[in-house]
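Protein chains in written order, with the working numbering: chain A, 1 to 126; chain B, 127 to 234; chain C, 235 to 371.
What follows is one structure encoded as structure tokens, with my remarks underneath.
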Amino acid sequence: MKALNIIETAYRGTLEEQDDTIVWLTHALKGAGADLDVLLRANAVNYAVKAQKVAPLSFGDRQQKHGPDIANDIAGLIAKGVGVYIVKDDLAERGISDDELIDGLSPVSRDGLAKLLDGYDHVWHW
Amino acid sequence: MAQYLLIESRDPFDSNDVQNFYGLASGLAKEGNEVTLFLVQNGVLAARQNARFAALGAVASAGVEILADDFSLDERGIVTGGLASGVKAAPLDIVIDQLAQGRKAIWH
Amino acid sequence: MADKKTLTFALMDAPYENARSTTALRLINIAAKRGYDINVFAYEGAVFLPFAGQQAHPNPVHGHDAEQEDHPLPREWVEAVIKEAAKNGGKVDWVNCGLCVDERGAGDAVEGVRRGTPGDFWNMAESSDNTLVIPTK
């Protein structure tokens, strides 16, 4: 069984979770032996931008350590053999150029999504 | 040829991304797949005959079956006689039917 | 039952926040009435759907006391679909993501809910006729 995890929503709860929960879930599923790839679309294409940096948070005397590092989490998926597709049209709409992105991504056009989906038994849009 | 069930819970008045999902439904149908677009929750707000939004007609023309959850229609006071061309009211049971058939199911 | 199916649902929304929670339980209810085997993987806020601490309240705006109001409690809907599936020869295996439970303090769940991991979700999907992910936004 091969599944495609589509990630659309970006920066939802990431400062509290220290990661994106679906990127995290994909790591956990891969670790459990799952055969799956990821498609970054809509605002989630920004997850592939190298320059993301979370400033340290503090609330009163409480210093919050370890903010999210989502670009590195995406790169980690690629390193584990998870194919990470990214929608070119969504990058262009947001003014994100290729040189801003991490390495190893597989660009796909919006028109090409129908063909991409053919290769999976399940398509899970998170 | 594969079979797809696309479930749209959002409406195009609130979310521009709905048009991309409609486009995916049309694209899958044009690739020769059998596609149902099931509108639920606020997704049915696009289904009124007089809505100033014509994109569902293009989806239907692409060969996509468009169904609208009867419960969601009732909840929003949309009468089945007032649905846009190409949209039919249907019970939520259809979703379970198509899941049981093994269709690739995508919720948006 | 020759046409008995197994369906898996992944849920993400906390109760009282979005219509998706209700639609998800409507879908599960339909499958339960058919006697299907149903797997649920509750992720993130959805672990509060079966939270045992949910309490009905009166509604002064409606002019109702608690009994008249019959306020919806998703934990009761979860319990009801578990019973409905069993009544019709099926079952509901409801797994709450353990880490999601811990960070939210949502450990007190109704009977029939167990703690699990993303690996459980993958195993559920592999052993099912189909899987529907209902995301949050």
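Even for Gly, the Cβ is constructed at its ideal location relative to N, Cα and C.
These numbers come from a predicted model, not from an experiment.
* Does the count of Cβ pairs from the region 128 to 138 of chain B and the region 86 to 95 of chain A closer than 8 Å reach three? -> In this structure the region 128 to 138 of chain B does not lie against the region 86 to 95 of chain A, because fewer than three pairs of beta carbons, one per stretch, are closer than 8 Å.
* Mind pulling the chain A residues with CB within less than 9 Å of ALA128 of chain B? -> Translated into the one-based positions of the second sequence, residue 128 of chain B becomes position 2. The answer, in chain order, is LEU117, ASP118.
* Given a cut-off of 8 Å, decide if ALA32 of chain A and PRO352 of chain C are closer than it, judged by their beta-carbon atoms. => Position 118 of the third sequence, counted from the first residue, corresponds to residue 352 of chain C. Position 32 of the first sequence, counted from the first residue, corresponds to residue 32 of chain A. Yes, the Cβ-Cβ distance between PRO352 of chain C and ALA32 of chain A is below 8 Å.
* Taking DSSP as the reference, what is the three-state secondary structure of PHE243 of chain C? -> Indexing the third sequence from 1 puts residue 243 of chain C at position 9. Of the three classes helix, strand and coil, the one that applies to PHE243 of chain C here is strand, per DSSP.
* With 8 Å set as the bound, which would you pick, yes or no: does the beta-carbon of THR21 of chain A sit closer than that to a beta-carbon of chain C? -> Within the first sequence, the letter at position 21 stands for residue 21 of chain A. For THR21 of chain A, the answer is yes, since a Cβ of chain C falls inside 8 Å of its Cβ.
* If you draw a straight line from the C-alpha of GLY324 of chain C to the C-alpha of LEU259 of chain C, how long is it? -> By one-based count along the third sequence, residue 324 of chain C stands at place 90. By one-based count along the third sequence, residue 259 of chain C stands at place 25. Each residue's alpha carbon lies about 16 Å from the other.
* Return the first residue and the last residue of the alpha helix (DSSP H) that GLU303 of chain C is part of. => Position 69 of the third sequence, counted from the start, is the residue given in the question as residue 303 of chain C. That run of the alpha helix (DSSP H) goes 300 to 303.
* Any chance the region 330 to 337 of chain C sits against the region 286 to 297 of chain C, with 3 or more Cβ pairs inside 8 Å? -> Touching, no, given that fewer than three Cβ pairs across the two stretches are closer than 8 Å.
* **Below-8 Å beta-carbon distance, ALA215 of chain B vs any chain C residue** => Stepping through the second sequence from its first residue, residue 215 of chain B is reached at position 89. Chain C contact via Cβ: absent.
* Name, please, each residue of chain B whose Cβ falls closer than 9 Å to the Cβ of ALA388 of chain C. => In this structure chain C extends from 235 to 371, so residue 388 of chain C is not present and cannot be described.
* Asked: Could you give the residue range of the alpha helix (DSSP H) that holds THR26 of chain A?
  -> Along the first sequence, one-based indexing puts residue 26 of chain A at 26. Run containing THR26 of chain A: 21 to 31, per the alpha helix (DSSP H) assignment.
* With DSSP collapsed to three states, give me the class of VAL221 of chain B. => Translated into positions along the second sequence, residue 221 of chain B becomes position 95. DSSP, reduced to helix, strand and coil, places VAL221 of chain B within a helical segment of the structure shown.
* Interface residues of chain B around ASP35 of chain A at Cβ under 8 Å? -> What you label residue 35 of chain A is simply residue 35 of the first sequence in a count that begins at 1. From the beta-carbon of ASP35 of chain A, no residue of chain B is found nearer than 8 Å; the closest lies around 16 Å away.
* In or out: LYS2 of chain A buried (at least 16 other Cβ within 10 Å) or exposed? -> Translated into the one-based positions of the first sequence, residue 2 of chain A becomes position 2. Exposed, by the Cβ-count rule.
* **Spatial distance of ALA314 of chain C from HIS234 of chain B (CA atoms)** => The residue given as residue 314 of chain C occupies position 80 in the third sequence. The residue given as residue 234 of chain B occupies position 108 in the second sequence. Answer to the nearest angstrom: the Cα atoms are 27 Å apart.
* If you compare alpha carbons, which of C:ILE272, C:PRO306, C:PHE282 is closest to PHE355 of chain C? -> The residue labelled residue 355 of chain C in the question sits at position 121 within the third sequence. Nearest of C:ILE272, C:PRO306, C:PHE282 to PHE355 of chain C, Cα basis: C:ILE272.
* Any C-beta of chain B sitting closer than 8 Å to the C-beta of LEU29 of chain A? -> If you number the first sequence from 1, residue 29 of chain A lands on position 29. LEU29 of chain A does not count as touching chain B.
* Taking the C-alpha atoms as reference points, what is the distance between LEU116 of chain A and MET127 of chain B? -> The residue labelled residue 116 of chain A in the question sits at position 116 within the first sequence. The residue labelled residue 127 of chain B in the question sits at position 1 within the second sequence. Answer to the nearest angstrom: the Cα atoms are 14 Å apart.
* To do: List the residues of chain C whose Cβ lies closer than 9 Å to the Cβ of GLN167 of chain B, in chain order.
  => On the second sequence, position 41 is the one that residue 167 of chain B refers to. Near GLN167 of chain B (Cβ distances below 9 Å), the residues of chain C are ASN252, ALA253, ARG254, THR256, THR257.
* Proximal residues to ALA188 of chain B (C-beta, below 7 Å), its chain only, five neighbours per side dropped -> In the second sequence, the residue the question calls residue 188 of chain B occupies position 62. If we look at ALA188 of chain B and ignore the five residues flanking it on each side, its Cβ neighbours are SER152, ALA155, LYS156.
* **CB contact flag (HIS125 of chain A, PRO369 of chain C, <8 Å)** => Counting from one through the first sequence, the residue named residue 125 of chain A turns up at place 125. Counting from one through the third sequence, the residue named residue 369 of chain C turns up at place 135. Taking 8 Å as the Cβ cut-off, HIS125 of chain A and PRO369 of chain C qualify as a contacting pair.
* Looking only at its own chain, which residues have a Cβ that is under 8 Å from the Cβ of GLU303 of chain C, when we skip the five neighbours before and after it? -> Your numbering for residue 303 of chain C matches position 69 in the third sequence. Closer than 8 Å at the Cβ level, and outside the excluded window around GLU303 of chain C, lie ALA290, HIS291, PRO292, ASN293, HIS296.
* Is the shortest distance between the beta-carbon of ALA10 of chain A and the beta-carbons of chain B less than 8 Å? -> The residue you call residue 10 of chain A lines up with position 10 of the first sequence. So, not an interface residue.
* Asked: Within 10 angstroms of its Cβ, does SER97 of chain A collect 16 or more other Cβ (buried), or is it exposed?
  -> Counting from one through the first sequence, the residue named residue 97 of chain A turns up at place 97. By the neighbour-count rule (16 or more Cβ atoms within 10 Å), SER97 of chain A is not buried but exposed.
* **THR14 of chain A, DSSP secondary structure in three states** => Position 14 of the first sequence, counted from the first residue, corresponds to residue 14 of chain A. In the displayed model, THR14 of chain A falls within a helix according to three-state DSSP.
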